[in-house]
Amino acid sequence: MRNRLALSLDIGKNGKFDMINRKTKILKDILKDKTVGIAGLGGLGSNAAISLVRAGVGNLILVDFDKVEQSNLNRQYYFIEQIGKFKTKALSDNIKNIDPAVNIIVHNKRLKKGEMYQPFKQADVIIEALDDADFKTSFIEENLVNYPDKKIIGASGVTGYGNTDKIELEKLGNLFLVYDKNALPSEKGVLFAPKIALIANMQADIALKVLLGDNL
Amino acid sequence: MITVNGRKISWIENETVRDLLKRMRYTFPNIVVKIDNELVKRKDYDNTLISDGAEIKMIHMISGG
Numbered sequence: 000m001r002n003r004l005a006l007s008l009d010i011g012k013n014g015k016f017d018m019i020n021r022k023t024k025i026l027k028d029i030l031k032d033k034t035v036g037i038a039g040l041g042g043l044g045s046n047a048a049i050s051l052v053r054a055g056v057g058n059l060i061l062v063d064f065d066k067v068e069q070s071n072l073n074r075q076y077y078f079i080e081q082i083g084k085f086k087t088k089a090l091s092d093n094i095k096n097i098d099p100a101v102n103i104i105v106h107n108k109r110l111k112k113g114e115m116y117q118p119f120k121q122a123d124v125i126i127e128a129l130d131d132a133d134f135k136t137s138f139i140e141e142n143l144v145n146y147p148d149k150k151i152i153g154a155s156g157v158t159g160y161g162n163t164d165k166i167e168l169e170k171l172g173n174l175f176l177v178y179d180k181n182a183l184p185s186e187k188g189v190l191f192a193p194k195i196a197l198i199a200n201m202q203a204d205i206a207l208k209v210l211l212g213d214n215l
Numbered sequence: 000m001i002t003v004n005g006r007k008i009s010w011i012e013n014e015t016v017r018d019l020l021k022r023m024r025y026t027f028p029n030i031v032v033k034i035d036n037e038l039v040k041r042k043d044y045d046n047t048l049i050s051d052g053a054e055i056k057m058i059h060m061i062s063g064g
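Heads up: the protein sequence lines correspond to chains A and X, in order. Oh and the first sequence: position 148 is 147 in numbering that gives the first Met the number 0, straight run, nothing missing. Oh and the second sequence: position 32 is 31 in numbering that gives the first Met the number 0, straight run, nothing missing.
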């Protein structure tokens with residue numbers, strides 16, 4: 000029996016709220032059986048994962064090779080005491096603190112070109128949350144080619160502040176791209192939590208739309 | 000006529016994706032190119048011709064995640 004304490008629903012006794020709660024429950028029941036794959040657990044991946052777990056996604060595939068550093072804490076979903084831990088482990092722990100029933104498959108490795116798609120065979124939808132632009136491009140290519148039936152949600156241009164109205168969302172066949180075409184690359188621009196977490200949450204929101212379709 | 004990122008421009012016979020990137024002055028090395036929603040892989044830029052009326056999206060990937 001799955002213990003979904005953190006996400007249990009308090010079904011009210013009066014009509015309107017009762018109906019809304021029932022709808023929420025139906026959606027959460029769908030999400031419980033879905034799997035989201037996330038490549039990269041930095042500012043995009045860690046924030047997207049947490050939001051998806053809060054939404055009720057029951058299964059995650061998490062891929063990263065890095066360890067948590069002090070400098071990550073300004074935007075990534077980790078805590079001081081997790082510095083030095085693998086991000087796969089640290090994020091799994093944080094997810095379990097929100098919902099212990101989530102199934103997490105971790106791949107603690109650096110993705111290699113040519114096999115970047117491999118960890119995501121079981122995923123219903125894939126989030127590209129990598130750092131390097133070349134790897135981002137290859138990841139999107141490989142997944143679109145190898146999984147013609149899966150949706151890929153990528154992001155490009157996460158630095159800066161004060162211009163979130165310039166973030167665009169493009170749907171190109173199976174590829175969704177959230178992007179700010181004028182943003183500087185991470186090695187030249189400033190990385191702040193609000194914009195990167197916003198883009199991460201846009202990716203998570205698109206994932207929900209892909210998983211739930213037009214249900215309710 | 001072809002459409003590139005929402006902008007209508009002239010169609011040129013025998014133009015490849017690589018040529019079009021040059022014409023658009025897109026010098027970024029990492030670009031996702033979709034023609035009529037179909038992905039064009041980076042290794043195919045030189046041998047993929049643009050057909051008249053094509054709807055093209057060229058979005059460059061910027062480091063950061």
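From the three backbone atoms N, C-alpha and C, an ideal C-beta is built for every residue, glycine too.
Query: Examine chain A for any beta-carbon lying closer than 9 Å to the beta-carbon of residue 63 of chain X, and answer yes or no.; Result: yes
Query: Say whether chain X places a C-beta atom closer than 9 Å to the C-beta of residue 114 of chain A.; Result: no
Query: To the nearest angstrom, report how far apart residue 102 of chain A and residue 22 of chain A are at their CA atoms.; Result: 23 Å
Query: Return no unless some Cβ of chain A is closer than 9 Å to the Cβ of residue 7 of chain X.; Result: no
Query: If you draw a straight line from the C-alpha of residue 208 of chain A to the C-alpha of residue 199 of chain A, how long is it?; Result: 14 Å
Query: Do residue 166 of chain A and residue 38 of chain A have their C-beta atoms within less than 9 Å of each other?; Result: no
Query: For residue 0 of chain X, which residues of its own chain have a beta-carbon under 8 Å away from its beta-carbon, when the five flanking residues on both sides are left out?; Result: 7, 8, 9, 10, 51, 52
Query: In chain order, which continuous runs of the alpha helix (DSSP H) of length 4 or greater are located wholly inside the stretch 4-57 of chain X?; Result: 16-22
Query: Are residue 58 of chain X and residue 34 of chain X touching if we call contact CB-CB under 9 Å?; Result: no
Query: With a threshold of 7 Å on Cβ separation, who are the neighbours of residue 143 of chain A within its own chain once the five nearest residues in sequence on each side are excluded?; Result: 151, 173, 174
Query: At which residue ranges does the stretch 103-170 of chain A contain complete alpha helix (DSSP H) runs of 4 or more residues, listed in the order of the chain?; Result: 132-145
Query: By DSSP, does residue 57 of chain A sit in helix, in strand, or in coil?; Result: coil
Query: Less than 9 Å separating the beta-carbons of residue 46 of chain A and residue 81 of chain A?; Result: no
Query: Hey, how far is the Cα of residue 33 of chain A from the Cα of residue 155 of chain A?; Result: 25 Å
Query: Grouping DSSP H, G and I as helix and E and B as strand, with all else coil, what is residue 40 of chain A?; Result: coil
Query: Output, in chain order, the set of chain X residues within a Cβ distance shorter than 8 Å of residue 136 of chain A.; Result: 29, 30, 31, 41, 60
Query: Going by C-alpha distance, which of A/117, A/112, A/79 is nearest residue 106 of chain A?; Result: A/117
Query: Put residue 176 of chain A into one of helix, strand or coil per three-state DSSP.; Result: strand
Query: Quick one: what's got a C-beta closer than 7 Å to residue 121 of chain A's C-beta in the same chain, skipping five residues either side?; Result: 34, 60
Query: How many whole angstroms separate the CB atoms of residue 64 of chain X and residue 161 of chain A, which I take to be in contact at a CB cut-off of 8 Å?; Result: 20 Å between Cβ atoms; not a contact.
Query: Going straight from the alpha carbon of residue 170 of chain A to that of residue 149 of chain A, what length do you get?; Result: 13 Å
Query: Bridge partners for residue 85 of chain A per DSSP, in chain order?; Result: A/66
Query: Counting C-beta neighbours from all protein chains within 10 Å, is the total for residue 78 of chain A 16 or more, i.e. buried, or is it exposed?; Result: exposed
Query: Should residue 19 of chain A be labelled buried (16 or more other beta-carbon atoms within 10 Å of its own) or exposed?; Result: exposed
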